[in-house]
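Undergrad:
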Amino acid sequence: MGGPALKDKPASIGLSLVKAAHQRSVSGRRVRVLSEFLAAKIPAGASVLDIGCGDGTIASLITYQNPTVSIRGIEFAPRPACLIECAPFDGATIPHPSASFDVCMFVDVLHHAPDAQGIARLLAEASRVSRRLILIKDHLSESRFDFKTLQFMDWVGNRPHGVVLPYNYQSRAQWNQYFSLSGLNVQDWNDQIPIYPFPFSALFGRRLHFIALLEA
């Protein structure tokens, strides 16, 4: 989900350099790995709503790997050029009828919710709109070191795009509580996602990332 554009010229130049370095070293591998892992969890022929789809890159790669899947997106701040069909939404209420998609997908979106209520609201909305499954890629924070590492990663990866960063990371126990309150059952959980190459994986990989498949 997006936010207002940066207006300070020197800061914008510096952030542009950070963005370019991140794109070269991390971003390409990230979208490739995540699209492969996410595509493997989506049933053939499923209709998918990508909530907070960004520029649609990951969704488009998923459909490339599994052409039987159809994906539409919604985004708080739609990008001028999105690789999938994308509609705006207010960041809280999903503008689709109940049970209108087979799968609702969040890729590094829920930790951008402003608070715990925001996460619970989005999960409840996804549960309403999905007929079958909810697919989540997000972060795990079990310690202050985890939090500071994720905070740095978030800033490098998202601040150049003007994304609002509340750093709302959750522990595994907290995620389980959200899932339970939303009536969601964990069908599959994977917290060993090889997003980063060695040696970066030793610091930025660990078990800071997870993909969860939930039954709605």
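With numbering that gives the first Met the number 0 applied, the sequence shown corresponds to residues 0 to 215, in that order.
Positions of the beta carbon are idealized from the N, C-alpha and C atoms, including for glycine.
1) Do Leu122 and Tyr177 have their CB atoms nearer than 8 angstroms?
2) Pull up the DSSP beta-bridge partners for Met104, would you.
3) Since Ile73 contacts Ile50 with CB under 8 angstroms, what's their CB separation in whole angstroms?
4) Which same chain residues, not among the five before or five after Phe203, have their C-beta less than 7 angstroms away from its C-beta?
5) Could you check what DSSP says for Val30 in three-state terms: helix, strand or coil?
6) Using only the alpha-carbon positions, how far apart do His95 and Asp114 sit?
7) Pairing CB atoms from the stretch 81 to 89 with CB atoms from the stretch 134 to 144, are three or more of them under 8 angstroms?
8) Please give the ranges of any beta strand (DSSP E) in the stretch 63 to 114, keeping only runs that are unbroken, at least 3 residues long and fully inside the region.
9) Please name the residue or residues paired with Leu139 in a DSSP beta bridge.
10) State the start and end residues of the unbroken alpha helix (DSSP H) segment that holds Phe178.
11) Where Ala38 and Ile133 are concerned, what is the direct C-alpha to C-alpha distance, given to the nearest angstrom?
12) Using a threshold of 8 angstroms, state whether the C-beta atoms of Lys136 and Ile41 are closer than that.
13) Can you give me the Cβ contacts of Asp54 inside the same chain, cut-off strictly under 8 angstroms, excluding the 5 residues immediately before and after it?
14) Would you mind reading off the limits of the beta strand (DSSP E) that contains Ala211?
15) What number of angstroms, rounded off, separates the C-alpha of Arg120 from the C-alpha of Val47?
16) First and last residue of the beta strand (DSSP E) that includes Val185?
17) I'd like the list of long-range same chain contacts for Phe88, defined as Cβ closer than 6 angstroms, with 5 residues on each side in sequence excluded.
18) How big is the Cα-Cα spacing for Phe199 and Arg130?
19) List the whole-angstrom C-beta distance separating Ile118 from Ala112, where the pair is believed to meet the contact cut-off of C-beta under 8 angstroms.
20) Quick check on the burial criterion: 16 or more other C-beta atoms within 10 angstroms. Buried or exposed for Thr67?
21) Using a 10 Å radius around the Cβ and a threshold of 16 neighbouring Cβ atoms, would you call Ser181 buried or exposed?
TA: Taking the structure as given:
1) Here residue 122 refers to the residue found at position 123 when the sequence shown is read from its first residue. Here residue 177 refers to the residue found at position 178 when the sequence shown is read from its first residue. The answer is yes: Cβ separation under 8 angstroms.
2) As a working mapping, residue 104 is identified with position 105 in the sequence shown. Beta-bridge pairing links Met104 to Asp49 and Leu134.
3) Along the sequence shown, one-based indexing puts residue 73 at 74. Along the sequence shown, one-based indexing puts residue 50 at 51. Yes, they are in contact, since the Cβ atoms of Ile73 and Ile50 sit about 6 angstroms apart, within 8 angstroms.
4) Taking the first residue of the sequence shown as position 1, residue 203 is located at position 204. Contacts found: Thr148, Met152 and Tyr195.
5) Along the sequence shown, read from residue 1 onward, the residue named residue 30 stands at position 31. In the structure shown, Val30 sits in a helix (DSSP, three-state: H, G or I).
6) The residue given as residue 95 occupies position 96 in the sequence shown. The residue given as residue 114 occupies position 115 in the sequence shown. His95 and Asp114: Cα-Cα distance of roughly 23 angstroms.
7) no
8) 69 to 74, 85 to 87 and 100 to 106
9) Working through the sequence shown from its first residue, we reach residue 139 at position 140. Leu139 is not bridged to any residue.
10) If you number the sequence shown from 1, residue 178 lands on position 179. Segment Arg171 to Leu180, the alpha helix (DSSP H) holding Phe178.
11) In the sequence shown, residue 38 corresponds to position 39, counting from 1. In the sequence shown, residue 133 corresponds to position 134, counting from 1. If you take the alpha carbons of Ala38 and Ile133, they lie about 13 angstroms apart.
12) One-based indexing of the sequence shown puts residue 136 at position 137. One-based indexing of the sequence shown puts residue 41 at position 42. Taking 8 angstroms as the Cβ cut-off, Lys136 and Ile41 do not qualify as a contacting pair.
13) For this step, residue 54 is matched to residue 55 along the sequence shown. Closer than 8 angstroms at the Cβ level, and outside the excluded window around Asp54, lie Arg78, Ala80, Cys81 and Leu82.
14) One-based indexing of the sequence shown puts residue 211 at position 212. His208 to Glu214 is the extent of the beta strand (DSSP E) around Ala211.
15) On the sequence shown, position 121 is the one that residue 120 refers to. On the sequence shown, position 48 is the one that residue 47 refers to. Approximately 19 angstroms, taken between the alpha carbons.
16) Residue mapping note: residue 185 aligns to position 186 of the sequence shown, counting from 1. Looking at the DSSP string, the run of the beta strand (DSSP E) that includes Val185 is Asn184 to Asn189.
17) In the sequence shown, the residue the question calls residue 88 occupies position 89. Closer than 6 angstroms at Cβ, skipping near neighbours: Ile73 and Pro94.
18) Working through the sequence shown from its first residue, we reach residue 199 at position 200. Working through the sequence shown from its first residue, we reach residue 130 at position 131. C-alpha separation (whole angstroms): 38 angstroms.
19) Residue 118 sits at position 119 when you count from the first residue of the sequence shown. Residue 112 sits at position 113 when you count from the first residue of the sequence shown. Rounded, the Cβ-Cβ distance is 5 angstroms, consistent with contact.
20) Position 68 of the sequence shown, counting from 1, holds the residue named residue 67. Thr67 should be labelled exposed.
21) For the purposes of this step, residue 181 is taken as the residue at position 182 of the sequence shown. Buried, by the Cβ-count rule.
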